[in-house]
Amino acid sequence: MANINWRTINVDAYDPESALNFPITTLLPANLPAPSTSAESAQIGQQVRQLLRAGDSLGALQSALETAPLAGDDSAKQVHHATVLEVLQGIRQSDVSRILNEMLKQPGGTALGDTLMKYIYKGMASGAGGGGKGMSPQATGSGFTQIQARNFGEGGGGQVMSVLLSWHEKLTEVVGVGGIVRVMSDRRTVAPCTKLGRHPSNNCQAQ
Amino acid sequence: MAAPEVHHLFHAPIADHSFSADRNTLAVARENNVDLYQRSGKSFNLQDELRGHDKTITGVDIAPRSGRIVTCSQDRNAYVWEPSKSGEWKPTLVLLRINRAATCVRWSPSEAKFAVGSGARIIAVCYFEEENDWWISKHLKKPLRSTVTSVAWHPNSVLLAAGSTDGHARVFSSFIKSTDERPEPSAWGERLPFNTVCGEYLNPTAGWVHSVGFSPSGNALAFVSHDSAVTVVYPSAPEQPPQAVISISTQLLPFADLLWISESEIVCAGYDCEVYRFSGDASGWQLTGSLEAAKDGRPGMEQREESALNMFRSMDLKGRGGVEDTKLKTVHQNTINTIRVYQDAGGDVQKISTGGVDGRVVVWSL
Chain A
1 MANINWRTIN VDAYDPESAL NFPITTLLPA NLPAPSTSAE SAQIGQQVRQ
51 LLRAGDSLGA LQSALETAPL AGDDSAKQVH HATVLEVLQG IRQSDVSRIL
101 NEMLKQPGGT ALGDTLMKYI YKGMASGAGG GGKGMSPQAT GSGFTQIQAR
151 NFGEGGGGQV MSVLLSWHEK LTEVVGVGGI VRVMSDRRTV APCTKLGRHP
201 SNNCQAQ
Chain B
1001 MAAPEVHHLF HAPIADHSFS ADRNTLAVAR ENNVDLYQRS GKSFNLQDEL
1051 RGHDKTITGV DIAPRSGRIV TCSQDRNAYV WEPSKSGEWK PTLVLLRINR
1101 AATCVRWSPS EAKFAVGSGA RIIAVCYFEE ENDWWISKHL KKPLRSTVTS
1151 VAWHPNSVLL AAGSTDGHAR VFSSFIKSTD ERPEPSAWGE RLPFNTVCGE
1201 YLNPTAGWVH SVGFSPSGNA LAFVSHDSAV TVVYPSAPEQ PPQAVISIST
1251 QLLPFADLLW ISESEIVCAG YDCEVYRFSG DASGWQLTGS LEAAKDGRPG
1301 MEQREESALN MFRSMDLKGR GGVEDTKLKT VHQNTINTIR VYQDAGGDVQ
1351 KISTGGVDGR VVVWSL
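So the sequence lines, in the order shown, correspond to chains A and B.
What the first sequence shows, in our numbering, is residues 1 to 207, in sequence order.
What the second sequence shows, in our numbering, is residues 1001 to 1366, in sequence order.
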């Protein structure tokens, strides 16, 4: 009995009414897409890239947003995030307004606009620090490679940021501040969990 | 559209406001007290102060027929204030038995009971017990998982809608045997013992629900939530999926309160400091515009051009930008917190009153 350090017991875990024991799943709607893995996301990424190369920017963007892994695990979200960034960078500035207007006019368009806004914010959050185009964190090897990657990332990161900012401006014209508020209040996130602790206050879905 | 009647009462937020039945008395929650204003001509003058609560008052409601005022506060108490012949108000403490702040309070249409939402994940439905001569509360607990932000009564005084920060809007039955009569069967349910959940609704984007409201007939439920969306629910039958759940995602900042003005129109107001109208039916709803539409367009543009000249001139002279940039173009200068009915004629609401964080109560003609 004397060996137990009472101070390290997490009291909240035993309290049924605490925030830790709040069932986050009750906040998610019943019509979530099925949980997906990174393999599936990679497959989707291939299809989207094909559409992009074929010149169908609207179709590429739409399919990338519709298949967003809202219920997937972290790696799926990471892979898909890279795909979306590629699509955003692959569309010319002059086409952006036209594509946005067309995409949002269709039924279910507002949901796609909200998902796009989520990806833009996620991209802006990680773009400056994590480096540029679709590089996954596993790419860093030895220190030397890291330095090289970082240099490349600086230049690349800046470019990604300017692309994201211009997309953000055009999207806000169409979706308004309501779209930005929905990014913050929606529990179905497109961002992989980066925080260390599993505290329920972060937007983590995988609990 | 007549110009809105603006009453700038004081420079503090108004958490809740309520008019008496003849609209001559206005009760306004101001920090720990309720200020009672009496109308004299075109303005309201401070007449009385209801002191009793220790912490910020979060809800005030005046019962139209009996004239009683109920207040609830963050000190976990609610008081019912009875008007006496001499003009004094006599407070009666209500035992809510909650261990967190009370957030909202509303009289039922029958005025025999009222509901108090709280941060204790409980709604306390209070009624007067004759034998002991006090107000006693019964708790609605079961599926509530987080703070209750707003409550709204169905016209039959038995069904209660509650919005909560767990993203759900729920409809409960608060049938109390000694006080209520058996309600007519409706789309919400037939046999309704206390604490039956007649419906639980969630938005896909699941923001905190700020306000709920039943339509004038009680056959539809609308709620506004923090994801800038308005959702309208049309139930079909008890235990069945609803006939329609229509969610309108807006481009505006979130709304804080809503009010049905007829079976097919809703007004909402919130963090944009403006009142917006929505209209529709079971097949779809749309945003139809703001009550302050006249400000946009041409006159605004000209003002902006002129103020550019003035802006630079005043920057030169006084070292700061133009005068225009500190005042909002809307009537309310800060978030609108509550919308109440001011004047209605046989079901259609003609005037509404809004109260906000800027200390103004404004009466709008629709």
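Think of the CB as a built atom: it goes at the ideal place given N, C-alpha and C, for glycine as much as any other residue.
Per the DSSP calculation, Asp1257 of chain B is bridged to which residue(s)? B:Ala1269
As a quick exercise: from A:Thr172, A:Ile99, A:Leu27, A:Gly178, pick the residue whose alpha carbon is nearest that of Arg187 of chain A. A:Leu27
Taking just the CA atoms, how far does Ser1018 of chain B sit from Glu1049 of chain B? 14 angstroms
Is DSSP giving Leu20 of chain A helix, strand or coil here? helix
Compare the C-alpha of Glu1082 of chain B against each of B:His1007, B:Pro1013, B:Val1094 and name the closest. B:Val1094
At which residues does the beta strand (DSSP E) containing Val1233 of chain B begin and terminate? 1229 to 1234
Measure from the C-beta of Gly25 of chain A to each C-beta in chain B and report whether the shortest distance is under 9 angstroms. Looking at the sequence itself, residue 25 of chain A is Thr, so the reference to Gly does not match. Taking Cβ atoms only, chain B never reaches closer than 9 angstroms to Thr25 of chain A, which makes this a no.
Taking only beta-carbon atoms, is Gln1251 of chain B less than 9 angstroms away from chain A? yes
Beta-bridge pairing of Ser1018 of chain B - partner residues as DSSP gives them: B:Ala1027
Ser1215 of chain B: which of B:Lys1142, B:Lys1090, B:Leu1160, B:Ser1290 sits nearest, CA to CA? B:Leu1160
Okay, do the stretch 9 to 18 of chain A and the stretch 46 to 58 of chain A touch, 3+ Cβ pairs below 8 angstroms being the bar? no
9 angstroms Cβ cutoff, Ser1211 of chain B in contact with chain A: no
Please list, in chain order, all residues of the same chain as Asp12 of chain A whose beta carbon is under 7 angstroms from its beta carbon, the five residues on each side excluded. Ser18, Leu20
Apart from the five residues just before and just after His1168 of chain B, which ones in its own chain have a Cβ nearer than 6 angstroms to its Cβ? Glu1200, Leu1202
Using a Cβ-Cβ cut-off of less than 8 angstroms, list which residues of the stretch 98 to 116 of chain A approach chain B; keep chain order. Thr110, Ala111, Asp114
So is Glu66 of chain A in contact with chain B if we call contact Cβ pairs under 9 angstroms? no
Excluding the 5 residues flanking Ala1063 of chain B on each side, which residues of the same chain have their C-beta closer than 6 angstroms to its C-beta? Trp1107, Glu1111
Proximal residues of chain A, C-beta to C-beta of Ala1124 of chain B below 8 angstroms: Residues of chain A passing the Cβ test: none, with the nearest at roughly 17 angstroms.
Taking 8 angstroms as the cut-off, is the C-beta of Ser1137 of chain B nearer than that to any heavy atom in the ligand NAP? Among the ligands in the structure shown, none appear at all, so the ligand NAP cannot be discussed.
The stretch 159 to 169 of chain A in contact with the stretch 1216 to 1235 of chain B per 3-pair CB rule at 8 angstroms: no
Lys77 of chain A at chain B interface by Cβ criterion, 9 angstroms: no
Just verifying my parser: in three-state terms, what is the DSSP assignment at Gly12 of chain A? Contrary to the premise, residue 12 of chain A reads as Asp rather than Gly in this sequence. Asp12 of chain A falls in the helix class under three-state DSSP.
Just verifying my parser: in three-state terms, what is the DSSP assignment at Ser1146 of chain B? coil
Of all the residues that make up the stretch 1228 to 1246 of chain B, which are near chain A by a beta-carbon distance shorter than 7 angstroms? Ser1228
Let me know if Lys1327 of chain B comes out buried or exposed under the rule of 16 or more other beta-carbons within 10 Å of its beta-carbon. exposed
Note down, in chain order, each residue of its chain lying with its Cβ closer than 7 angstroms to the Cβ of Ser1211 of chain B, except the 5 sequence neighbours on either side. Ser1150, Gly1163, Phe1223, Val1224, Ala1256, Asp1257, Leu1258
Quick one: what's got a C-beta closer than 6 angstroms to Gly1347 of chain B's C-beta in the same chain, skipping five residues either side? Pro1216
CB-CB length for Leu1140 of chain B against Val1171 of chain B, believed under 8 angstroms: Not quite, the Cβ-Cβ distance comes to about 11 angstroms (not below 8 angstroms), so this is no contact.
Nearest to His168 of chain A by alpha carbon, out of A:Tyr119, A:Trp6, A:Thr189? A:Tyr119
Got a sec: which bits of the stretch 1176 to 1206 of chain B sit with their beta carbon under 7 angstroms from any beta carbon on chain A, in order along the chain? Leu1202, Pro1204, Thr1205, Ala1206
Return the chain-ordered list of same chain residues with a C-beta closer than 6 angstroms to the C-beta of Thr115 of chain A, the five sequence neighbours on each side being excluded. Leu65, Ala68
One question on the structure: do Pro1091 of chain B and Gly1052 of chain B come within less than 9 angstroms of each other, judged by their Cβ atoms? yes
Check the Cβ of His1226 of chain B against every Cβ in chain A and list those closer than 8 angstroms, keeping chain order. Val181, Ser185
Compare the C-beta of Trp1285 of chain B with all C-beta atoms of chain A and state if any pair is closer than 9 angstroms. no
Members of the stretch 1152 to 1172 of chain B near chain A, C-beta cut-off 9 angstroms: Asp1166, Gly1167, His1168
Which of helix, strand or coil does DSSP assign to Asn1033 of chain B? strand
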